[in-house]
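Heads up, the thing below is written out as structure tokens.
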Amino acid sequence: MSSRGITQNGNGDNFSPNGNLTPQEHGYMLGLLYLVLTIEPRFPAWLPKPTHLQQSPPAKTTSYELRREPTLEEKTREAVDEGHDADIPSSMGFVPTQADERKRRASIASSRRARRASSAAAAENRNVLDDLREQRNKEEGNDGESGEESGDSEESESDVVWWESDKDPQNPYNFPTWRKVLNCALVSSLTFVTPLASSMFAPGVPELMIEFGSKSSELASFCVSVYVLGFAAGPMVFAPFSELYGRVPIYHIGNIGFIVFVIACAKAPSLGALIAFRFLSGVFGSCPMANGGGSIADMIVQEKRGTAMASFSIGPLLGPIIGPIIGGVVTDSLGWRWVFWIITIISGTITVVFFIFAVETYAPVILEKKARRLRKETGNDRLRSKLDAGLSPADYFKRGILRPFKMLLFSPICIICGLYVGLSYAYLYLMFTSLTPLFMRIYHFNTINSGLTFLGLGIGSMIGVLYFSISSDRNMKKMAAKAQTSSDEETGPTEQQPVVMKPEYRLPPLRAGAVFLPAGLFIYGWTAEYKVHWIAPIIGTAVMGVGNLIIFMTLQMYLVDSFTVYAASALAANAVMRSIAGGVLPLAGLPMFDKLGMGWGNSLLGFIAAALIPAPWLFIKYGEHLRKKFELKDL
Numbered sequence: 001m002s003s004r005g006i007t008q009n010g011n012g013d014n015f016s017p018n019g020n021l022t023p024q025e026h027g028y029m030l031g032l033l034y035l036v037l038t039i040e041p042r043f044p045a046w047l048p049k050p051t052h053l054q055q056s057p058p059a060k061t062t063s064y065e066l067r068r069e070p071t072l073e074e075k076t077r078e079a080v081d082e083g084h085d086a087d088i089p090s091s092m093g094f095v096p097t098q099a100d101e102r103k104r105r106a107s108i109a110s111s112r113r114a115r116r117a118s119s120a121a122a123a124e125n126r127n128v129l130d131d132l133r134e135q136r137n138k139e140e141g142n143d144g145e146s147g148e149e150s151g152d153s154e155e156s157e158s159d160v161v162w163w164e165s166d167k168d169p170q171n172p173y174n175f176p177t178w179r180k181v182l183n184c185a186l187v188s189s190l191t192f193v194t195p196l197a198s199s200m201f202a203p204g205v206p207e208l209m210i211e212f213g214s215k216s217s218e219l220a221s222f223c224v225s226v227y228v229l230g231f232a233a234g235p236m237v238f239a240p241f242s243e244l245y246g247r248v249p250i251y252h253i254g255n256i257g258f259i260v261f262v263i264a265c266a267k268a269p270s271l272g273a274l275i276a277f278r279f280l281s282g283v284f285g286s287c288p289m290a291n292g293g294g295s296i297a298d299m300i301v302q303e304k305r306g307t308a309m310a311s312f313s314i315g316p317l318l319g320p321i322i323g324p325i326i327g328g329v330v331t332d333s334l335g336w337r338w339v340f341w342i343i344t345i346i347s348g349t350i351t352v353v354f355f356i357f358a359v360e361t362y363a364p365v366i367l368e369k370k371a372r373r374l375r376k377e378t379g380n381d382r383l384r385s386k387l388d389a390g391l392s393p394a395d396y397f398k399r400g401i402l403r404p405f406k407m408l409l410f411s412p413i414c415i416i417c418g419l420y421v422g423l424s425y426a427y428l429y430l431m432f433t434s435l436t437p438l439f440m441r442i443y444h445f446n447t448i449n450s451g452l453t454f455l456g457l458g459i460g461s462m463i464g465v466l467y468f469s470i471s472s473d474r475n476m477k478k479m480a481a482k483a484q485t486s487s488d489e490e491t492g493p494t495e496q497q498p499v500v501m502k503p504e505y506r507l508p509p510l511r512a513g514a515v516f517l518p519a520g521l522f523i524y525g526w527t528a529e530y531k532v533h534w535i536a537p538i539i540g541t542a543v544m545g546v547g548n549l550i551i552f553m554t555l556q557m558y559l560v561d562s563f564t565v566y567a568a569s570a571l572a573a574n575a576v577m578r579s580i581a582g583g584v585l586p587l588a589g590l591p592m593f594d595k596l597g598m599g600w601g602n603s604l605l606g607f608i609a610a611a612l613i614p615a616p617w618l619f620i621k622y623g624e625h626l627r628k629k630f631e632l633k634d635l
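Taking UniProt numbering, the leading residue of the sequence shown gets 1, the next gets one more, and so forth.
Right under this line is the structure:
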């Protein structure tokens, strides 16, 4: 058709018979080439592929190949395992394969087991002081995560004063054993003398009333119990002051003030003056009672604290029991005023020894002194304690003074413990005011023999100490191990967590105390009512002593473990309720026994105590919930 020899086939397509490709033929050829290069040939399954078409094995991937984008939960878990916050990118960045995940989890479990094998003292120290730092971070308005990132707070780590290592000898948890024993013995000796003074005077009250010409039984009881009211006032000042300035200086102030007002009691010219001086001596005498538990918590790790507290409590237990025995002999031989001179001699001797050998145990104060010394030596004014709250002295003082009041008003566990301990403490001091007249009137004991009747309470209290010291730490470790086993069953052995010692693990011995207390009251009351042999009511007082001691020690330890660095303030709040009850109820004791008799009078007290028998079971079950739900902020 054309001079160039292009013809058409039957379909109308152009082609060149002489071999030259037209533009349309060029298009066909390019399309065919594209199909050859891009479409993979498919072969039947039974026919092997040609060698040049077989795929080579994939390159070996790294252990943590990228499978998919990790979820937020996986990122968070991974971040915790790697030791950083969840908002900081993971060093992995992607989700591992199952095999690699198993290896990773096994490695994590191994490292956790190694960490749990570290020193218990160092772990306890970190937990307690971390709690304090967290509280103080909250006080400053920090969220605990961005404190180091703020502008002006970019203080170098070299400006923060902390322990040199986990084994720093300045850390009270690392004190040598002899130093801890000596400090505990010194504090316990102080807490022996001040309760001794509360009851040692009791046998001399009849002679006192004759000398000052008074016949009021209520006033006679008040001469004894007013001292305990001083125990209610003093701790609210001495406990927070010890958390501001350290334990030892406050002990010195309390010791000196106590001696001064005991001497004033010995020289009292009138009954009114004696009552006033007794109250003030109780105020200063409350110092070791308020701070003793805090001193123990400063030095002893949680899992060994029960035994230490039981040993420490021997002093305050023996004091009120031995007091009437010594007081009866002294009053019969030398007169009631010499009771106070004997107390002065004993207290003065212990004060001198305490002044020479006692050392500071409160960690925040020790670190602040260290920071102050380093600032002076280096000239670096930016040096500060790691536990420094950053508050002005006035604000810090105000917060410290208000702390026990906040606990007393807004902490359910402080209120519950205070009420229960207050009840048992009131029963104890009711015994102090009723035993002497009972045995002198019914069994015709003289002054010396009536003082010996307090040995029943003493023996019962010692049995209670023995029971508590054996059971408290053992029960706590047993319950912690049981909880750990349950956790392992739920999460698997690779997800083990460090053993947690909850304060509620201290509470099981409370159940025995709740039963012994009313039982002793019933035995004491009805054997005295029917004038059974004199040993029978003394056995009743011994049973009551067992229950009283177990209740007192268990709840004291619970408060110490719950508030740790603020244990002194918690014990002060508890002492207020305890001492008010111990000072007021004995005023009604003798009139109640006169109207109801020893049988029904003590039964009334026993019924009240028996109604509280379910309380320990309820507290064990719901105590943790109350403690966490009503946790006090900004202490």
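Think of the CB as a built atom: it goes at the ideal place given N, C-alpha and C, for glycine as much as any other residue.
Quick caveat, the model's predicted, so the values are computed rather than measured.
{"Query": "Hey, which unbroken runs of the alpha helix (DSSP H) at 4 residues or more fall wholly within the segment 416 to 465?", "Result": "447 to 452"}
{"Query": "Cβ atoms of residue 314 and residue 188: under 8 angstroms apart, would you say?", "Result": "yes"}
{"Query": "Where do the ends of the alpha helix (DSSP H) carrying residue 622 lie?", "Result": "615 to 629"}
{"Query": "Any idea what DSSP makes of residue 120, helix, strand or coil?", "Result": "Since pLDDT at residue 120 reaches only 48, below the 50 mark, its modelled position is unreliable, and the value read off the structure follows with that caveat. Residue 120: helix per DSSP, three-state reduction."}
{"Query": "Which of the three DSSP states is assigned to residue 472 in this structure?", "Result": "helix"}
{"Query": "Helix, strand or coil for residue 532? Go by DSSP, reduced to three states.", "Result": "coil"}
{"Query": "The alpha helix (DSSP H) with residue 162 in it runs from where to where?", "Result": "Looking at the DSSP string, residue 162 is not in any alpha helix (DSSP H), and its letter there is neither H nor E."}
{"Query": "Secondary structure at residue 278, three-state DSSP: helix, strand or coil?", "Result": "helix"}
{"Query": "Just to confirm my understanding: we take residue 623, look at its own chain, exclude 5 residues before and 5 after, and list those with CB closer than 6 angstroms. What are they?", "Result": "504"}
{"Query": "Give every residue of the same chain whose Cβ lies closer than 6 angstroms to the Cβ of residue 196, excluding the five residues on either side of it in the sequence, and list them in chain order.", "Result": "319 and 323"}
{"Query": "Mapping the DSSP letters down to three states, classify residue 385 as helix, strand or coil.", "Result": "strand"}
{"Query": "Cβ atoms of residue 609 and residue 232: under 8 angstroms apart, would you say?", "Result": "no"}
{"Query": "To the nearest angstrom, how far is it from the Cα of residue 452 to the Cα of residue 551?", "Result": "24 angstroms"}
{"Query": "Excluding the five sequence neighbours on either side, which residues of its own chain have a C-beta within less than 7 angstroms of the C-beta of residue 371, listed in chain order?", "Result": "161, 383, 384 and 385"}
{"Query": "Can you tell me the Cβ-Cβ gap for residue 340 and residue 287, rounded? I've got them flagged as a contact below 8 angstroms.", "Result": "The Cβ separation is near 19 angstroms, so there is no contact."}
{"Query": "Counting only the same chain and skipping the five closest in sequence on each side, list residues whose C-beta sits under 7 angstroms from that of residue 203.", "Result": "324, 327, 328, 331, 436, 447, 450 and 451"}
{"Query": "Measure the C-alpha to C-alpha separation of residue 542 and residue 213 and round it to an integer number of angstroms.", "Result": "35 angstroms"}
{"Query": "Look at residue 525 and residue 469 and say whether their C-beta atoms are less than 8 angstroms apart.", "Result": "no"}
{"Query": "In this structure, how does DSSP classify residue 301 when only helix, strand and coil are distinguished?", "Result": "coil"}
{"Query": "Would the beta-carbon of residue 265 fall within 8 angstroms of that of residue 277?", "Result": "yes"}
{"Query": "As a quick exercise: from 568, 179 and 295, pick the residue whose alpha carbon is nearest that of residue 235.", "Result": "568"}
{"Query": "Does DSSP put residue 361 in a helix, in a strand, or in coil?", "Result": "coil"}
{"Query": "Rounded to whole angstroms, what is the Cα-Cα separation between residue 626 and residue 619?", "Result": "9 angstroms"}
{"Query": "Determine whether the beta carbon atoms of residue 336 and residue 219 lie at a separation below 8 angstroms.", "Result": "no"}
{"Query": "Buried or exposed, going by whether 16 or more other CB atoms sit within 10 Å of the CB of residue 305?", "Result": "buried"}
{"Query": "Considering only residues of the same chain and omitting the five flanking positions on each side of residue 589, which have a CB-CB separation below 6 angstroms?", "Result": "430, 433 and 434"}
{"Query": "Around the C-beta of residue 485, are 16 or more other C-beta atoms found within 10 angstroms, so that it is buried, or is it exposed?", "Result": "exposed"}
{"Query": "On the three-state DSSP scale, how would you describe residue 395?", "Result": "helix"}
{"Query": "Does DSSP put residue 3 in a helix, a strand or coil?", "Result": "Because residue 3 sits at a pLDDT of 41, beneath the cut-off of 50, its placement in the model cannot be relied upon, and the point is left open."}
{"Query": "Would you check if the segment 241 to 259 and the segment 291 to 310 touch, i.e. whether three or more CB-CB distances between them fall below 8 angstroms?", "Result": "yes"}
{"Query": "Mapping DSSP to helix, strand and coil, what is residue 484?", "Result": "helix"}
{"Query": "The alpha helix (DSSP H) spanning residue 598 covers which residue range?", "Result": "567 to 611"}
{"Query": "Hey, would you say residue 513 sits closer than 8 angstroms to residue 547, going by beta carbons?", "Result": "yes"}
{"Query": "At 3 residues or longer, and completely inside the segment 496 to 527: list those beta strand (DSSP E) runs for me, N to C.", "Result": "none"}
{"Query": "Using the Cβ count rule (16 or more neighbours within 10 Å means buried), how would you classify residue 178?", "Result": "exposed"}
{"Query": "Using the C-alpha atoms, what's the distance from residue 297 back to residue 355?", "Result": "21 angstroms"}
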